[in-house]
Amino acid sequence: MSSELITDLTDSSLNRPKTGILLVNLGTPDAPTAAAVKRYLTQFLQDRRVVDLNPLVWAFILKGIILPRRAPRVAKLYHEVWMEEGSPLLVYSQRQQRALAARLPQVPVELAMTYGSPSVKQALDRLQSQNIKRLVVLPLYPQYSCSTTAAAWDALSAELANRRDLPEISFIRDYAAHPLYIEALARSIQVSFELYGKPDLLLFSYHGIPQRYADEGDDYPQRCEATTAGVVAALGLEPSQYKMTYQSRFGREVWLQPYTDETMRSLPSQGVKSIQVICPGFASDCLETIEEIEQQNRAFFMENGGESYHYIPALNDSADQIDLFQALVTERGL
Numbered sequence: 134m135s136s137e138l139i140t141d142l143t144d145s146s147l148n149r150p151k152t153g154i155l156l157v158n159l160g161t162p163d164a165p166t167a168a169a170v171k172r173y174l175t176q177f178l179q180d181r182r183v184v185d186l187n188p189l190v191w192a193f194i195l196k197g198i199i200l201p202r203r204a205p206r207v208a209k210l211y212h213e214v215w216m217e218e219g220s221p222l223l224v225y226s227q228r229q230q231r232a233l234a235a236r237l238p239q240v241p242v243e244l245a246m247t248y249g250s251p252s253v254k255q256a257l258d259r260l261q262s263q264n265i266k267r268l269v270v271l272p273l274y275p276q277y278s279c280s281t282t283a284a285a286w287d288a289l290s291a292e293l294a295n296r297r298d299l300p301e302i303s304f305i306r307d308y309a310a311h312p313l314y315i316e317a318l319a320r321s322i323q324v325s326f327e328l329y330g331k332p333d334l335l336l337f338s339y340h341g342i343p344q345r346y347a348d349e350g351d352d353y354p355q356r357c358e359a360t361t362a363g364v365v366a367a368l369g370l371e372p373s374q375y376k377m378t379y380q381s382r383f384g385r386e387v388w389l390q391p392y393t394d395e396t397m398r399s400l401p402s403q404g405v406k407s408i409q410v411i412c413p414g415f416a417s418d419c420l421e422t423i424e425e426i427e428q429q430n431r432a433f434f435m436e437n438g439g440e441s442y443h444y445i446p447a448l449n450d451s452a453d454q455i456d457l458f459q460a461l462v463t464e465r466g467l
């Protein structure tokens, strides 16, 4: 047998273990109701990756104080942003799954949520029913954090712990500085500039984490800074033309700063009258971008003297986003 033929047989996809792709996002309530939100928040906020306070003390606070107050209020917010097909995060994640599957018709692509539905168990069941022996896992968090990416890893590991047949795992930690990701963000910003004009300030708002998590080794702030630096370089922005902040803090603990909401209130007094905001930490628009950034923080800015405010949508299921996802998984040897 010739060496060329041996090489051809070795490289043939027929000799590779069957590979599947698992997209993992955070999760969302099944309905915009207080009961559904309570179920979701209970699972989410009981994860030690998210809140690592004393379990007994935290259980008392969560069930006795936070959930009774927070669930009805959050349910109303979800009701305002709910789409015909469901929660925005789920809708866009499902569209991403379908679009990536269309790009890779020979490769099974499933979607799972760390909390809620579709569960990691359901997704793994579907993949393993197709005799998957190799799994590429893409958490839909551009920047690694112990509270998101590591939580997805925990959920996957916990489910695999109950299975006899384990696939080979290729886990994508993050893609904060991937060239296609940076290009896609820069392009979306340029489109916004063309539509609304160049603002006084471009604000990069990332979801926050407790400062303590970063002090203890979570490199999330550095990953956010890497994304911002890449986009700023691609756009050729000067330091005075952009700012980076953190949103969605929870509780009394100090979180990463500067805070987005406080920044919004103070910018107009500093001469910033027009602003455009992008949230590069979100692969899909969701409650934190639609309600918190597009609506709530717009009000903070405008009520304090701002004149023009535009939110730049997440990449969602755009062609640029699916190009990125396709590159990320094929780089793992599909």
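Residue numbers (our numbering): 134 to 467. We put the beta carbon where it would ideally sit given N, CA and C, even for glycine.
To the nearest angstrom, report how far apart Arg382 and Ile342 are at their CA atoms.
About 7 Å.
In angstroms, rounded to a whole number, what distance separates the CA positions of Leu189 and Glu464?
Straight-line spacing of the CA atoms in Leu189 and Glu464 works out to 44 Å.
Give me the DSSP bridge partner(s) of Ala245.
Answer is Val157, bridged to Ala245.
Check whether the Cβ of Ala245 sits closer than 6 Å to any heavy atom of the ligand MN, and report yes or no.
With respect to the ligand MN, the structure shown offers nothing to examine, as it has no ligands at all.
Between the alpha carbons of Leu468 and Lys254, how many angstroms are there, rounded?
No answer is possible for residue 468: the residues shown for the chain start at 134 and end at 467.
Spatially closest choice to Pro221 from Ile455, Ser417, Ile315 and Leu260, by CA coordinates:
Nearest neighbour of Pro221 by Cα position, chosen from Ile455, Ser417, Ile315 and Leu260, turns out to be Ser417.
Is it buried or exposed, Ser278, if we count other Cβ atoms within 10 angstroms and call 16 or more buried?
The residue in question, Ser278, is buried, as its Cβ has 16 or more Cβ neighbours within 10 Å.
6 Å Cβ shell around Phe454 - same chain, five flanking residues per side excluded:
First, the amino acid is wrong: residue 454 is Gln here, not Phe. Residues of the same chain with a CB within less than 6 Å of the CB of Gln454, apart from the 5 flanking positions on each side, are Leu448 in chain order.
Taking all protein chains shown into account, do 16 or more other C-beta atoms lie within 10 angstroms of the C-beta of Glu217, making it buried, or fewer, making it exposed?
Classification of Glu217: exposed, given that the 10 Å Cβ count is below 16.
6 Å CB neighbourhood of Val207 in its chain, flanking five on each side removed
Val170.
Once you ignore the five residues that flank Thr282 on each side, which residues in its own chain have a CB closer than 6 Å to its CB?
Pro272 and Tyr274.
Write down every uninterrupted run of the beta strand (DSSP E) in the segment 312-348 whose length is 3 residues or greater and which is fully enclosed by it, in chain order.
Counting whole runs of 3 or more residues, the segment 312-348 contains the beta strand (DSSP E) stretches 334-340.
How close, in whole Å, do the beta carbons of Glu421 and Phe415 come, if the pair is a contact with beta carbons under 8 Å?
Between Phe415 and Glu421 the Cβ distance is about 7 Å, and since that is below 8 Å, they are a contact.
Can you say whether Val387 is buried or exposed, counting buried as having 16 or more other CB atoms within 10 angstroms of its CB?
Exposure of Val387 is indicated by the presence of fewer than 16 other C-beta atoms within 10 angstroms of its C-beta.
Measure the C-alpha to C-alpha separation of Met481 and Ile265 and round it to an integer number of angstroms.
There is simply no residue 481 to check, as the chain begins at 134 and stops at 467 in what is shown.
Among the residues of its own chain, which have a CB less than 7 Å from the CB of Asp450, if the five just before and after it don't count?
Once the five neighbours on either side are set aside, the close Cβ partners of Asp450 are Tyr225, Arg228, Gln229 and Ala232.
Do Leu334 and Ile408 have their beta-carbon atoms positioned less than 7 Å apart in this structure?
Cβ distance < 7 Å, so Ile408 and Leu334 count as in contact.
Expected contact under 8 Å - CB spacing of Ile315 and Leu461 to nearest Å:
Beta-carbon to beta-carbon, Ile315 and Leu461 are separated by about 13 Å, too far to satisfy the 8 Å threshold.
Based on the DSSP output, what are the partners of Phe304 in its beta bridges?
Phe304 is bridged to Val270.
By the three-class DSSP mapping on this structure, what secondary structure does Trp191 have?
In the structure shown, Trp191 sits in a helix (DSSP, three-state: H, G or I).
Give the DSSP bridge partners of Met377, in chain order.
Beta-bridge annotation (DSSP): Met377 is paired with Phe337.
Look at the alpha carbon of Cys419 and the alpha carbon of Pro446, and state the distance between them as a whole number of angstroms.
Going by the C-alpha atoms only, they are around 10 Å apart.
Within the continuous alpha helix (DSSP H) that includes Val170, where are the two ends?
First-last of the alpha helix (DSSP H) with Val170: Ala167 to Leu178.
Report yes if the CB atom of Leu318 is closer than 7 Å to the CB atom of Pro413, and no otherwise.
Yes, Cβ-Cβ distance for Leu318 and Pro413 is below 7 Å.
Measuring straight from C-alpha to C-alpha, what distance separates Val364 and Leu370?
Going from the Cα of Val364 to the Cα of Leu370 covers about 9 Å.
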